[in-house]
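Residue numbers are given in full-length UniProt numbering: position 91 of the sequence shown equals residue 91, and the series is strictly consecutive.
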Amino acid sequence: MFKLNLLNKQWEIAYLGCIKKGSIIILGGPFTNYSNDFVIIPPNILMKLLVFCVKNDLSPIIIHNHTNNSSFSIPDRNFLKSIEEIYYRNGGSKFIYLGLINSKTGDSKVICNKSRRK
Numbered sequence: 001m002f003k004l005n006l007l008n009k010q011w012e013i014a015y016l017g018c019i020k021k022g023s024i025i026i027l028g029g030p031f032t033n034y035s036n037d038f039v040i041i042p043p044n045i046l047m048k049l050l051v052f053c054v055k056n057d058l059s060p061i062i063i064h065n066h067t068n069n070s071s072f073s074i075p076d077r078n079f080l081k082s083i084e085e086i087y088y089r090n091g092g093s094k095f096i097y098l099g100l101i102n103s104k105t106g107d108s109k110v111i112c113n114k115s116r117r118k
């Protein structure tokens, strides 16, 4: 199972999607932390997203957010590496991980981590 690793107990939420012509299209979610300190993304859903993106020349994106405070959690490196390897092995070219940081004023900041096939 693919998991976003959380270091502290927060209410977590994640969406899966793709980027097409500058727009984010949400294809799956929300996934929440029903299991311990992890957001669980079912592998079959994640694989469908990666295959869909490769076939349609789109960039997959994971959007991850804490809903109850201003903290932020980067996913485990092994999680990102395993997804990227599967995606690139099947012909993908760019993978995007997007994190939102909620501020106390209600505004959100964005952290974006992109990777490209070497």
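No residue lacks a Cβ here, since even glycine has one placed at the ideal position from N, Cα and C.
Note that the structure is predicted; figures quoted are calculated from it, not measured.
Between L50 and Y15, the C-beta spacing is not below 8 angstroms. Taken through DSSP and simplified to helix, strand or coil, L58 comes out as coil.
The shortest C-alpha to C-alpha distance from I25 to any of P42, E85, S82, N56 is the one to N56. Across the structure, I62 and N90 are spaced so that their CA atoms are roughly 18 angstroms apart.
Taking all protein chains shown into account, P60 has 16 or more neighbouring C-beta atoms within 10 Å of its C-beta and is therefore buried. The Cβ atoms of F31 and I41 sit closer than 8 angstroms to each other. Judged by DSSP secondary structure, S23 falls within the beta strand (DSSP E) whose first and last residues are 23–32. Between I13 and I96, the gap from beta carbon to beta carbon reaches 8 angstroms or more.
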